[in-house]
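Peer 1:
Protein chains: 2
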Amino acid sequence: MTMQKNQSNPVTIYDVAKEAGVSDATVSRVFNNKAGVKEATRTRVLNAAQKLGYVVNLQARSLAGGKLNVMGVLIPGLGNGYIVEIIRGIDQELARVDYELMIYTTHRKGNNEASYLQYVANGLTEGILLVVPLLSSEFLRALENINYPYTLIDAVDTSGRSFSVSATNWDGAYKATEYLIKLGHRRIGFITGIMELSSAKDRYDGYITALKDYHIPIDLSLIVKGDFQQDSGYMAGQKLLALPYPPTAIFASNDVMALGAMDAIRAANLRIPQDISVVGFDDIPQAVTTYPKLTTIHQPLEEMGRIGVKLLLEQIEHPENAPKNITLATHLVIRDSCQPPPPKHDAYP
Amino acid sequence: MTMQKNQSNPVTIYDVAKEAGVSDATVSRVFNNKAGVKEATRTRVLNAAQKLGYVVNLQARSLAGGKLNVMGVLIPGLGNGYIVEIIRGIDQELARVDYELMIYTTHRKGNNEASYLQYVANGLTEGILLVVPLLSSEFLRALENINYPYTLIDAVDTSGRSFSVSATNWDGAYKATEYLIKLGHRRIGFITGIMELSSAKDRYDGYITALKDYHIPIDLSLIVKGDFQQDSGYMAGQKLLALPYPPTAIFASNDVMALGAMDAIRAANLRIPQDISVVGFDDIPQAVTTYPKLTTIHQPLEEMGRIGVKLLLEQIEHPENAPKNITLATHLVIRDSCQPPPPKHDAYP
DNA sequence: TATTTCTATGTAAGGGCTTACATTTTAAGG
DNA sequence: CCTTAAAATGTAAGCCCTTACATAGAAATA
């Protein structure tokens with residue numbers, strides 16, 4: 036029934052026009068839902084198209100100035116649940132507005148993200164969502180020159196030239212720390228993220244500020260570096276546990292590291308949360324599949340994806356609009372990985 | 036420096052040609068690495084392009100008969116880790132051959148996968164990878180008519196008309212069951228997948244056959260229906276535990292359900308694996324972040340993705356090649372969720 | 001140097017579509 | 001029924017490339 040010859044669909048608008056006895060322009064009008072086509076003609080065209088198995092060639096349409104309805108998303112990789120959550124949100128919103136999604140992973144081109152950006156503006160998409168946590172200055176510069184609609188997801192360009200969505204990292208970290216303090220913890224270990232990222236920095240600051248606000252002295256030995264990967268969480272956990280006065284709670288800058296820390300804790304034969312509490316950040320799906328279920332700061336990842344799409348759409352439709360940043364709230368999700376510290380630890384040396 | 040005007044890159048091949056003082060055809064030749072361009076001319080063109088910030092418009096290239104280097108992948112959604120793993124493999128291989136990836140999620144169009152298939156062949160991709168576990172007959176029919184390169188991942192078209200990659204589901208299930216039997220288990224609960232899927236069916240058959248081979252009577256009350264989702268695993272687990280003679284081990288048709296079952300077991304205040312063992316199927320990343328770490332059947336998900344890409348490429352390059360199915364081996368990964376059954380359970384009523 | 005043979009480059013025709021503008025048809029008004 | 005305006009349809013140019021074919025220039029042969 037579909038009369039295709041070879042790869043892709045060789046049935047063109049002309050074939051349909053001939054079949055329906057109209058001009059190609061009319062067929063185009065029908066498929067673009069333009070006004071001014073008689074109802075009878077419209078159905079005749081539709082029938083002809085149906086019969087021949089016509090499918091619009093999006094390339095040609097786009098070349099000729101029509102809409103493509105494809106957005107791109109640039110991500111470092113499918114590495115962790117965090118990014119997948121964002122993409123899920125993007126996908127949801129894209130479905131609503133009937134766009135397709137093109138995925139570009141930067142790891143392909145090594146660290147050459149900046150030049151990849153240029154490449155990405157090659158005509159296959161109408162705009163691009165950037166989920167690249169680490170905004171190098173080179174990348175930022177490339178962004179300036181690109182003159183192509185884009186929005187940053189979970190990153191902000193302090194120059195104010197970019198559309199972006201992000202979350203209240205500082206606030207979330209503050210709340211997490213405060214929660215532990217209110218449970219009675221005084222020695223709270225902290226595993227940092229990659230401190231070049233503003234999100235990591237903000238979380239660190241939130242932790243510090245909460246400590247200060249509650250007059251808890253800051254002990255640098257309780258702060259250990261991580262890189263957002265599970266392994267670093269494990270190693271940081273080990274380091275923390277090896278301390279002369281180990282913490283009674285650990286706050287990791289993201290869930291994946293929290294998972295690593297939990298492994299380290301169990302490897303040391305300690306119980307969670309009886310012996311030591313842990314809280315994460317992100318609330319990735321895995322946070323509920325661990326045991327005990329992880330108490331963490333929820334980031335509205337899906338929503339960030341959805342809003343990213345909306346912002347990009349806004350730019351495509353109103354290029355004149357001024358850039359804006361939307362900041363989404365984070366909140367504490369209490370599950371099973373925290374409780375007050377065991378009494379013996381209460382004494383602070 | 037890049038002299039772009041508006042959305043997308045308005046610098047064309049003509050601009051570059053003018054700048055370099057050559058014809059547009061020559062510029063095209065340079066960018067397509069065609070032979071017969073003097074070295075001096077080539078560098079002149081490259082410099083001009085560099086200066087103007089020229090980026091090829093892939094749409095136009097493709098329309099004009101050039102290569103696009105984009106593959107599509109049709110998936111039900113980003114739902115579970117299983118699909119993400121496959122995509123990761125696809126992405127890896129695509130990077131090697133320098134293709135881009137377009138993602139189509141079917142949930143967008145409701146259950147109308149078959150017609151979506153038609154749409155997907157719209158010129159934006161050169162071929163499509165199908166990760167649609169549930170091959171409806173309607174879908175299969177659509178496949179016949181599509182005349183567009185595609186390959187099935189983790190599904191086989193028994194008609195032999197399609198290229199496909201899959202894994203040894205039967206074999207994996209057999210091995211999992213056998214492992215439990217050898218540990219001493221006699222009452223082994225089984226949580227099925229969606230039995231319309233051949234993979235679910237094969238796993239079921241593997242379980243049954245292993246039991247028979249070891250002369251263990253089949254108890255239908257130990258077999259409970261699941262749908263590959265976590266919730267169904269939880270409920271199935273509850274059901275199994277509520278039995279007068281509950282199983283000493285549970286084998287779930289996939290990891291996600293195994294996770295659900297583990298929750299149910301803990302909710303019943305039983306320990307894993309001391310009181311009850313559990314094994315899953317798939318080996319998704321989460322299998323190692325649960326506690327205890329899940330013993331499971333490893334499916335080479337990433338490799339399936341990679342091979343899917345290779346098969347698709349083969350079709351694109353050699354349309355005359357006959358369809359083939361590649362079956363990958365699964366294997367048991369022993370972690371911490373199994374041990375011999377507690378003695379008290381040894382007595383079989 | 002004249003002739004032949006390559007090699008390097010240019011010319012022009014699409015590829016499938018959209019859209020401004022031209023033309024025809026239809027409906028409305030007189 | 002004729003005129004006029006509005007609605008429907010057609011014509012043709014152009015989007016940015018690739019590529020067969022034509023042409024000019026360089027190298028090789030006689």
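Chains as they are written, first to last, in the numbering used here: chain A, 36 to 384; chain B, 36 to 384. Cβ atoms here follow ideal geometry from the backbone N, Cα and C, with glycine treated the same way.
#1: So that I know if they touch, is there some Cβ in chain B lying closer than 8 angstroms to that of A/Asn360?
#2: Identify the contact partners of B/Asp126 in chain A, using a Cβ-Cβ distance below 9 angstroms as the criterion.
#3: Could you pull the start and end residues of the beta strand (DSSP E) that B/Glu231 belongs to?
#4: By how many angstroms is the C-alpha of B/Ala271 removed from the C-alpha of B/Ile226?
#5: Which word fits A/Ser194, buried or exposed, when buried means at least 16 other C-beta atoms lie within 10 angstroms of its C-beta?
#6: Based on DSSP bridge pairs, tell me the residues matched to A/Ile223.
#7: Is the beta carbon of A/Glu54 sitting closer than 8 angstroms to the one on A/Ala83?
#8: With DSSP collapsed to three states, give me the class of B/Asn304.
#9: Could you please give me the residues that DSSP links to A/Leu187 through a beta bridge?
#10: If you draw a straight line from the C-alpha of A/Asp310 to the C-alpha of A/Leu136, how long is it?
#11: What residue from B/Ala303, B/Ile342, B/Ile110, B/Gln334 has the CA that sits closest to B/Asn289's CA?
#12: In the DSSP output, which residue or residues are listed as bridge partners for A/Glu135?
#13: With a cut-off of 8 angstroms on the beta carbons, I'd call B/Leu336 and B/Glu128 a contact; round off their distance for me.
#14: Would you mind working out which of B/Val166, B/Ser150, B/Ala177, B/Asp59 sits nearest B/Leu113, comparing C-alpha positions?
#15: Which word fits A/Ser171, buried or exposed, when buried means at least 16 other C-beta atoms lie within 10 angstroms of its C-beta?
#16: With 7 angstroms as the C-beta to C-beta threshold (strictly closer), list the residues of the region 92-104 of chain B near chain A in chain order.
#17: What separation, rounded to the nearest whole angstrom, lies between the Cα atoms of B/Ser63 and B/Gly162?
#18: A/Asp59 lies in the alpha helix (DSSP H); which residues open and close that run?
#19: With A/His250 and A/Pro376 assumed to form a contact (beta carbons below 8 angstroms), what rounded beta-carbon distance in angstroms separates them?
#20: Of all the CB atoms in chain A, is at least one closer than 8 angstroms to the CB of B/Ala156?
#21: Please list the partners that B/Ile251 has in chain A, where partner means a Cβ-to-Cβ separation under 8 angstroms.
#22: Taking the CB atoms as reference points, tell me whether B/Gly107 and B/Leu164 lie closer together than 8 angstroms.
#23: Kindly indicate which residue of A/Arg96, A/Arg306, A/Ala357, A/Met230 has the alpha-carbon position closest to the one of A/Arg196.
#24: Establish whether the CB of A/Thr186 and some CB of chain B are separated by less than 8 angstroms.
#25: By a C-beta neighbour count over all protein chains shown, 10 Å radius and 16 as the cutoff for buried, is A/Leu255 buried or exposed?
#26: With a threshold of 8 angstroms between beta carbons, is B/Val119 in contact with chain A?
#27: Among residues of its own chain, excluding the 5 on either side of A/Ser222, which ones have a beta-carbon nearer than 6 angstroms to its beta-carbon?
#28: Is B/Leu276 close to chain A? Criterion is C-beta to C-beta, closer than 8 angstroms.
#29: For B/Arg301, decide whether its Cβ has a neighbour in chain A, counting only Cβ atoms nearer than 8 angstroms.
#30: Given this structure, state the Cα-to-Cα distance separating A/Phe66 from A/Thr47, to the nearest angstrom.
#31: With a 10 Å radius around its C-beta and 16 neighbouring C-beta atoms as the bar for buried, classify B/Asn204 as buried or exposed.
#32: So which residues of chain B does A/Gln321 contact, with C-beta pairs closer than 7 angstroms?
#33: Do you know offhand how far A/Gly124's Cα is from A/Lys345's?
#34: What residue from B/Gly100, B/Ala99, B/Ala130, B/Thr140 has the CA that sits closest to B/Pro111's CA?
#35: Give me the chain A residues within the contact set of B/Pro159, using Cβ-Cβ distance strictly less than 8 angstroms, ordered along the chain.
#36: Determine the closest residue to B/Thr365 out of B/Asp240, B/Glu349, B/Phe316, B/Val323, with distance taken between C-alpha atoms.
Peer 2: According to the structure shown:
#1: No, A/Asn360 does not count as interfacial toward chain B.
#2: In chain order: Gly112, Leu113, Ile138, Thr140, His142, Arg143.
#3: Following the DSSP letters along the chain, one finds B/Glu231 in no beta strand (DSSP E), marked with neither H nor E.
#4: When rounded, the distance between both Cα atoms is 7 angstroms.
#5: A/Ser194 counts as exposed, since fewer than 16 other beta carbons sit within 10 angstroms of its beta carbon.
#6: A/Ile223 is bridged to A/Ala284.
#7: Closer than 8 angstroms, so yes.
#8: In the structure shown, B/Asn304 adopts coil according to DSSP, grouped into three states.
#9: According to DSSP, which records beta bridges pairwise, A/Leu187 is partnered with A/Leu165, A/Ser199.
#10: Going from the Cα of A/Asp310 to the Cα of A/Leu136 covers about 46 angstroms.
#11: Out of B/Ala303, B/Ile342, B/Ile110, B/Gln334, B/Gln334 has the C-alpha closest to the C-alpha of B/Asn289.
#12: Answer is A/Val105.
#13: No, B/Leu336 and B/Glu128 are not in contact; Cβ-Cβ is about 13 angstroms, not under 8 angstroms.
#14: The shortest CA-to-CA distance from B/Leu113 to any of B/Val166, B/Ser150, B/Ala177, B/Asp59 is the one to B/Val166.
#15: The residue in question, A/Ser171, is exposed, as its Cβ has fewer than 16 Cβ neighbours within 10 Å.
#16: Going along the region 92-104 of chain B in chain order, one finds Asn92, Leu93, Gln94, Ala95, Ser97, Leu98 with a Cβ nearer than 7 angstroms to chain A.
#17: Distance between the alpha carbons of B/Ser63 and B/Gly162 is about 25 angstroms.
#18: Where A/Asp59 is concerned, the enclosing alpha helix (DSSP H) stretches over 59-66.
#19: Taking C-beta atoms under 8 angstroms as the contact rule, A/His250 and A/Pro376 fail to qualify, at a distance of about 17 angstroms.
#20: So, interface residue.
#21: Residues of chain A with a Cβ closer than 8 angstroms to the Cβ of B/Ile251 do not exist, since the nearest Cβ in that chain sits about 30 angstroms away.
#22: The answer is yes: Cβ separation under 8 angstroms.
#23: When the alpha-carbon of A/Arg196 is set against those of A/Arg96, A/Arg306, A/Ala357, A/Met230, the nearest one is in A/Ala357.
#24: Contact with chain B is absent for A/Thr186, since none of that chain's Cβ atoms lies less than 8 angstroms from the residue's Cβ.
#25: Exposed.
#26: Under the Cβ criterion of 8 angstroms, B/Val119 is counted among the residues facing chain A.
#27: Sequence inspection shows Arg at residue 222 of chain A; the Ser mentioned does not correspond to that position. Contacts found: Pro282, Thr283.
#28: B/Leu276 does not count as touching chain A.
#29: Closer than 8 angstroms to the CB of B/Arg301 there is at least one CB belonging to chain A.
#30: Approximately 12 angstroms between the Cα atoms of the pair.
#31: If you draw a 10 Å sphere on the C-beta of B/Asn204, you find 16 or more other C-beta atoms in it, and that means buried.
#32: Proximity of chain B to A/Gln321 at the Cβ level (cut-off 7 angstroms) is accounted for by Gln321, Thr324, in chain order.
#33: C-alpha separation (whole angstroms): 11 angstroms.
#34: Closest by alpha carbon: B/Thr140.
#35: Position check: residue 159 of chain B holds Leu in this sequence, whereas Pro was assumed. Simply Leu93, Gln94, Val105, Glu135, Leu159.
#36: Residue nearest to B/Thr365 within the set B/Asp240, B/Glu349, B/Phe316, B/Val323 is B/Phe316 (criterion: CA-CA distance).
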